[in-house]
Amino acid sequence: MVWNVPRLAELPTLHEKPNTPFVLYYHGSINRERLPESVLEAVASFDGAIRLDVAGYEAPGAQGYIAGLLSRWNRGGRMTMQFLGEHQHHELLTMATRSNAGLALMPMDSKDVNMKHMVGASNKVFDYMAAGLPLIVSDLPDWRLAYVDTGYGMTCDPASVESVKSVLNWLIQNPEHARCTSARCRGAIEREWNYERQFQSVISHLS
Numbered sequence: 020m021v022w023n024v025p026r027l028a029e030l031p032t033l034h035e036k037p038n039t040p041f042v043l044y045y046h047g048s049i050n051r052e053r054l055p056e057s058v059l060e061a062v063a064s065f066d067g068a069i070r071l072d073v074a075g076y077e078a079p080g081a082q083g084y085i086a087g088l089l090s091r092w093n094r095g096g097r098m099t100m101q102f103l104g105e106h107q108h109h110e111l112l113t114m115a116t117r118s119n120a121g122l123a124l125m126p127m128d129s130k131d132v133n134m135k136h137m138v139g140a141s142n143k144v145f146d147y148m149a150a151g152l153p154l155i156v157s158d159l160p161d162w163r164l165a166y167v168d169t170g171y172g173m174t175c176d177p178a179s180v181e182s183v184k185s186v187l188n189w190l191i192q193n194p195e196h197a198r199c200t201s202a203r204c205r206g207a208i209e210r211e212w213n214y215e216r217q218f219q220s221v222i223s224h225l226s
């Protein structure tokens with residue numbers, strides 16, 4: 020099986036990460052499961068020290084969700100969430116490099132078989148790593164094993180505002196660790212989690 024990883028030629032040029040506000044980044048399809056409102060509440064609690072940048076499109080059945088988030092959480096001159104719209108894949112990677120951490124959440128109790136087998140299938144995590152972003156993923160056993168125990172990010176319970184806040188606060192308070200994680204993520208893509216490297220096993224099998 021070849022994971023949904025980027026080609027080496029796709030890897031973006033890395034940019035200096037912003038100091039303030041801390042930018043949490045998400046791209047992909049948008050609905051209540053993948054971008055729960057608990058994340059917005061957690062971000063808003065930092066009083067402008069964190070901003071959530073979101074690129075992508077509303078998933079089927081989620082029409083109006085983005086507008087609702089912007090209306091509820093961008094009030095009084097405060098920008099809790101910046102919606103960047105839809106973009107080409109290479110543009111998403113470039114935008115990601117200007118952020119501090121990447122959000123890739125799965126529901127903790129989903130009955131959807133596809134949702135239970137997303138490790139390696141979703142390119143979102145590998146896009147973030149290619150951009151040098153520490154990961155924030157759901158505290159699920161397979162996600163923890165693949166991305167957290169290996170040193171590429173942290174877990175949270177996406178339904179818990181306090182859990183999300185705790186992870187964000189830790190990243191803000193430990194910038195050197197975040198920088199090391201950033202380098203580790205990009206290095207893993209360059210060495211191992213790229214299409215050329217992953218496809219070698221397929222070529223060997225066919226030879």
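Mapping of the sequence shown onto this note's numbering: position 68 corresponds to residue 87, and the numbering continues sequentially without gaps.
Beta carbons are placed, not taken as given, at the ideal position from N, Cα and C, and that holds for glycine.
Going by DSSP, Q82 is part of no beta strand (DSSP E) at all; its letter is neither H nor E.
Setting aside the 5 residues that flank it on each side, S57 is surrounded in the same chain by P177, A178, S179, V180 and V183, each with a C-beta closer than 7 Å to its C-beta; the list follows chain order. A residue is called buried when at least 16 other Cβ atoms come within 10 angstroms of its Cβ; G172 meets this threshold and is buried. The Cβ atoms of D66 and Y44 lie no closer than 9 Å to each other.
When the five nearest sequence neighbours on each side are left out, the beta carbons in the same chain lying within less than 6 Å of the beta carbon of E52 are those of P126, in order along the chain. For V62, the uninterrupted alpha helix (DSSP H) run begins and ends at E56 to A63, by DSSP.
If the five residues before and after A68 are omitted, its C-beta is found closer than 8 Å to the C-beta atoms of T39, P40, F41 and I191, all from its own chain and listed in chain order. Cα atoms of Y76 and I49: separation of roughly 6 Å, rounded to the nearest angstrom. With 16 or more other Cβ atoms from the protein chains shown falling within 10 Å of its own Cβ, G47 counts as buried. According to DSSP, T174 shares a beta bridge with V156. Bounds of the beta strand (DSSP E) holding Q101 are M100 to G104. Sixteen is the threshold: when 16 or more other Cβ atoms of the shown chains lie within 10 Å of the Cβ of F145, as they do, the residue is buried. Taking the Cα of G121 as reference, the smallest distance to any Cα among H106, M148, M100 and D128 is reached at M148. The three-state reading of DSSP puts D168 in coil, since its state is none of H, G, I, E or B.
The C-alpha of Q219 is placed about 44 Å away from the C-alpha of A86.
Residue state for R198 is assigned as helix, using DSSP reduced to three classes. Note that the C-beta distance between T116 and T174 is not below 9 Å.
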